[in-house]
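Numbering-wise (full-length UniProt numbering), the sequence shown opens with residue 1 and increments by one.
All C-beta atoms in this analysis are idealised placements derived from N, C-alpha and C, irrespective of residue type, glycine included.
Here is the structure we will look at.
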Amino acid sequence: MKEKAVEYYLNKGYSCSESIVQAAIDEGLCDESLLYCATSFSGGMSSGCVCGAVAGAQLVLGYNFGRGNSKGNEVLARAKAKEFVEEFRNRNKVTCCRVLTAGLEGSQRKQHCSKMVSDAAEILEQLTKVKTNA
């Protein structure tokens with residue numbers, strides 16, 4: 001999944017959040033309509049706040065484990081969200097787009113962000129495998 005997400009991000013014109021969601025769609029983890037929701041989360045919600053790759057992954061986690069899902073509930077969704085953020089921070093120290101990309105521009109920023117996309121996709125895949133293998 002992470003290879004697909006990075007491919008969408010680097011070569012297909014998808015934003016960070018969109019690339020995570022599109023890769024999840026390809027894996028059958030969510031409906032295509034979730035991609036529409038992901039667009040506004042890119043670039044730290046266009047304000048440099050929460051990393052778009054993190055936000056995209058959170059959308060997919062909510063879709064799979066959140067309220068209204070036959071196998072999910074609010075407690076499980078929040079636990080998955082917390083586990084995701086903890087692992088992302090273990091790898092990258094922060095979840096803030098502005099901090100993650102400080103001092104980077106152009107292709108250097110794009111390449112750096114592709115690591116965030118890769119990490120987010122890998123963590124998401126691990127957390128959703130628990131559901132699909134259960």
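Subject >> C-alpha distance - glutamine 22 paired with lysine 2, whole-angstrom precision >> reply: 11 Å
Original post:
Are there three or more Cβ pairs, one per stretch, closer than 8 Å when the region 51 to 69 is compared with the region 11 to 26?
Top reply: yes
Original post:
Over what stretch of residues does the alpha helix (DSSP H) that includes valine 6 continue unbroken?
Top reply: 2 to 11
Original post:
Are threonine 128 and asparagine 64 closer than 9 Å when you measure CB to CB?
Top reply: yes
Original post:
How many Å lie between glutamate 83 and leucine 61 at the Cα?
Top reply: 11 Å
**OP:** Specify whether the region 115 to 124 and the region 4 to 17 touch according to this definition: at least 3 beta carbon pairs, one from each stretch, less than 8 Å apart.
**Re:** yes
Original post:
Counting only runs that start and end within the region 44 to 132, where is the alpha helix (DSSP H) found for 4 or more residues in a row?
Top reply: 52 to 65, 74 to 92, 97 to 100 and 106 to 132
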